[in-house]
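Chemist: Have a look at the structure that comes next, please.
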Amino acid sequence: TGTQQKIIYKPLPTDDPKQRQPDITKAKQLLGWQPTVNRADGLKITYEYFKSLPQEELYKLPKEFAKPLKN
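Each residue of the sequence shown is one higher than the one before, counting from 82 in the numbering used here.
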């Protein structure tokens, strides 16, 4: 991303998902779905989005971001 920011490592929550790369085989087979953005570009887009937010907005993000998704 070209940033000089340092990574801050923090302990993961106990309910944090262990698998970070979902298997999309079923979505491909049943829906014909395919990702349209590769991982590197997706990370850069996500980084740029959060970087564009005013600092005070980052602290206002909904608590839902910290909760696990329900199946």
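We treat Cβ as the ideally placed atom computed from N, Cα and C, and that holds for glycine.
For ALA108 versus TRP114, is the C-beta distance shorter than 7 Å?
Modeler: Taking 7 Å as the Cβ cut-off, ALA108 and TRP114 qualify as a contacting pair.
Chemist: Mapping the DSSP letters down to three states, classify GLN102 as helix, strand or coil.
Modeler: It is coil, neither helix nor strand.
Chemist: Specify the secondary structure class of LYS125 as computed by DSSP and reduced to three states.
Modeler: DSSP places LYS125 in helix when its eight states are reduced to three.
Chemist: Am I right that LEU139 and PHE131 are in contact with their C-beta atoms under 8 Å? What's the rounded C-beta distance?
Modeler: About 7 Å separates the two Cβ atoms, so the contact holds.
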